[in-house]
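*Asks:* Please read through the structure below; I'll follow up with questions.
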Amino acid sequence: AAAAMKHMVSNFAKLDKFEGVDFRRWQKKMHFLLSSMSVVYVLTTPNPDDGDDAIMDQLRNRAKWDNDDYVYRGLIPNGMSDSLFDSYQNVESSKEL
Numbered sequence: 001a002a003a004a005m006k007h008m009v010s011n012f013a014k015l016d017k018f019e020g021v022d023f024r025r026w027q028k029k030m031h032f033l034l035s036s037m038s039v040v041y042v043l044t045t046p047n048p049d050d051g052d053d054a055i056m057d058q059l060r061n062r063a064k065w066d067n068d069d070y071v072y073r074g075l076i077p078n079g080m081s082d083s084l085f086d087s088y089q090n091v092e093s094s095k096e097l
């Protein structure tokens with residue numbers, strides 16, 4: 001986990017903050033960063049449903065998805081200018097971003 005965090009910080013430092021111009025370029029760079037962090041799937045994969053009789057694998061999958069969604073929702077706003085960050089910091093789902 002520590003190595004992954006160091007990798008993320010290293011890559012994230014290289015990413016220019018989105019200032020409202022050149023969105024496609026920023027989007028591609030952000031997608032690459034999210035892919036390298038193995039969290040981009042939360043955008044297209046629904047959160048696993050626990051159901052009433054969830055088994056351990058389902059619970060682990062749910063916990064992993066929740067954590068990865070949290071990372072995703074943290075990386076996107078942190079890659080934006082301060083004014084855009086303020087607008088998007090409280091978004092509650094990856095798809096809304």
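Going by the UniProt record's numbering, the sequence shown opens with residue 1, and the numbers climb by one from there. Even for Gly, the Cβ is constructed at its ideal location relative to N, Cα and C. Keep in mind it's a predicted model, so treat the numbers as computed, not measured.
Do VAL42 and TRP65 have their CB atoms nearer than 9 Å?
*Replies:* Yes, they are a contact pair.
*Asks:* Can you tell me where the alpha helix (DSSP H) with ASP86 in it begins and where it stops?
*Replies:* 82-88
*Asks:* Taking only the alpha-carbon atoms, compute the straight-line gap between SER38 and ASN61 and give it to the nearest angstrom.
*Replies:* 14 Å
*Asks:* Is it buried or exposed for ASP68, if we count other Cβ within 10 angstroms and need 16 for buried?
*Replies:* buried
*Asks:* Looking only at C-alpha atoms, which of SER35, GLY20 and ASN47 sits nearest to SER93?
*Replies:* ASN47
*Asks:* According to DSSP, which residues form a beta bridge with PHE18?
*Replies:* MET80
*Asks:* Just to check my reading of the structure: PHE18 and GLY79 have Cβ atoms closer than 8 Å, yes? What is that Cβ distance to the nearest angstrom?
*Replies:* 6 Å
*Asks:* For ASP66, does the three-state DSSP call read helix, strand or coil?
*Replies:* helix
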